[in-house]
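Student: Here it is: the structure, laid out below.
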Amino acid sequence: MDACANKIELARSFRGRSVRRMFAQISPRYDLMNRLMSAGQDLRWRRLTVQAAGLRPGDLLLDVAAGTGDVARVARTLIPDLRVVAADFSLEMMRVGRNKARAGRRGGQRARPEDWAGADTYILPFPSERFDAVTSAFLLRNLDDPLAALREQVRVLKPAGRLVALDATPPPANRVRPLVNFYLGRFCPLLGGLVAGQPEAYRYLPNSIANFRRPEGLVTLFREASLQQVHYRPLMLGTAAIVVGTRPAEQ
Ligand SMILES: C[S@@+](CC[C@H](N)C(=O)[O-])C[C@H]1O[C@@H](n2cnc3c(N)ncnc32)[C@H](O)[C@@H]1O
147 MDACANKIEL ARSFRGRSVR RMFAQISPRY DLMNRLMSAG QDLRWRRLTV
197 QAAGLRPGDL LLDVAAGTGD VARVARTLIP DLRVVAADFS LEMMRVGRNK
247 ARAGRRGGQR ARPEDWAGAD TYILPFPSER FDAVTSAFLL RNLDDPLAAL
297 REQVRVLKPA GRLVALDATP PPANRVRPLV NFYLGRFCPL LGGLVAGQPE
347 AYRYLPNSIA NFRRPEGLVT LFREASLQQV HYRPLMLGTA AIVVGTRPAE
397 Q
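Numbers given in our numbering equal positions in the sequence shown, counted from 1, plus 146.
As structure tokens, then:
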């Protein structure tokens, strides 16, 4: 199968369709659930993610799987004149994000608005070497083939640009792990049922984390996607990580 047909195949996958349906269902309460589940820490993680991207005023950022646009919003407020494209395959998530952005502008927020793009992460509708940095938050663990997604992100990244991914990772094997597992496996689905009316979606969450890679495995994946200077920063007792890599200046 050629590379393009493979991308289309991945974009049409059963998992992709069910993930998209799930995010459409939870979109109205997605932000509130994030704030509650992370005790407000998710905004700090998004800020660290943007800071790790090494952006300068006037740069162009692509935030893949932007959801309701929180990474894009943080980026616009941190870096003057930043141009941001927020891309996701869930129209419902992006609709919530666009309404938030409009409300922010009515409330006097002055930063340049982001552009929204309906896009599957496996086939990004952008020319090669277009963006100064590419970020994603909580995307990779939802994918059948995270390496293919990273390669596609590298394609649209300028040489010497940074690729940054924030995601939840399986907790390290220590005394805290049973607590984390209880929190993710029992408390979050309960909360998801009460607040979002979607306990199933929040049962998917601990499963997707348990089946995902530890940060060291993500570093390997980044290197396989031909990124260099790869490193990570663990967050929240090792239950999340920010992984950073740089596209080689010459390829
Ligand atoms: C957990 S949410 C994260 C949203 C946002 N990045 C944030 O920080 O809140 C995962 C997002 O990934 C999107 N997503 C999952 N698979 C995708 C794919 N193959 N292509 C594009 N977006 C995808 C979902 O629609 C959802 O908005």
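For each residue, glycine too, the CB sits at the ideal point set by N, CA and C.
(1) Sorry if obvious, but does the Cβ on M239 come closer than 7 angstroms to a heavy atom of ligand 2?
(2) Are the Cβ atoms of L330 and L312 separated by less than 8 angstroms?
(3) State whether the stretch 274-283 contacts the stretch 194-211, with contact taken as three or more CB pairs (one from each stretch) at a distance under 8 angstroms.
(4) Around the C-beta of E238, are 16 or more other C-beta atoms found within 10 angstroms, so that it is buried, or is it exposed?
(5) Counting only the same chain and skipping the five closest in sequence on each side, list residues whose C-beta sits under 8 angstroms from that of K153.
(6) Out of R166, T385 and T195, which has the shortest C-alpha to C-alpha gap to R308?
(7) Is T281 close to chain D? Criterion is C-beta to C-beta, closer than 8 angstroms.
(8) To the nearest angstrom, report how far apart A387 and N357 are at their CA atoms.
(9) Going by Cα to Cα distance, which pick from R379, P271 and A211 is closest to A170?
(10) Is any non-hydrogen atom of ligand 1 found closer than 7 angstroms to the C-beta of D291, if you look at the structure I gave you?
Tutor: Answer, in terms of the structure:
(1) Ligand 2 is absent from the structure shown, which contains only ligand 1.
(2) no
(3) yes
(4) buried
(5) Y268, I269, A294 and E298
(6) T195
(7) Judged by its chain identifiers, the structure shown contains no chain D, having just a single protein chain.
(8) 15 angstroms
(9) A211
(10) no
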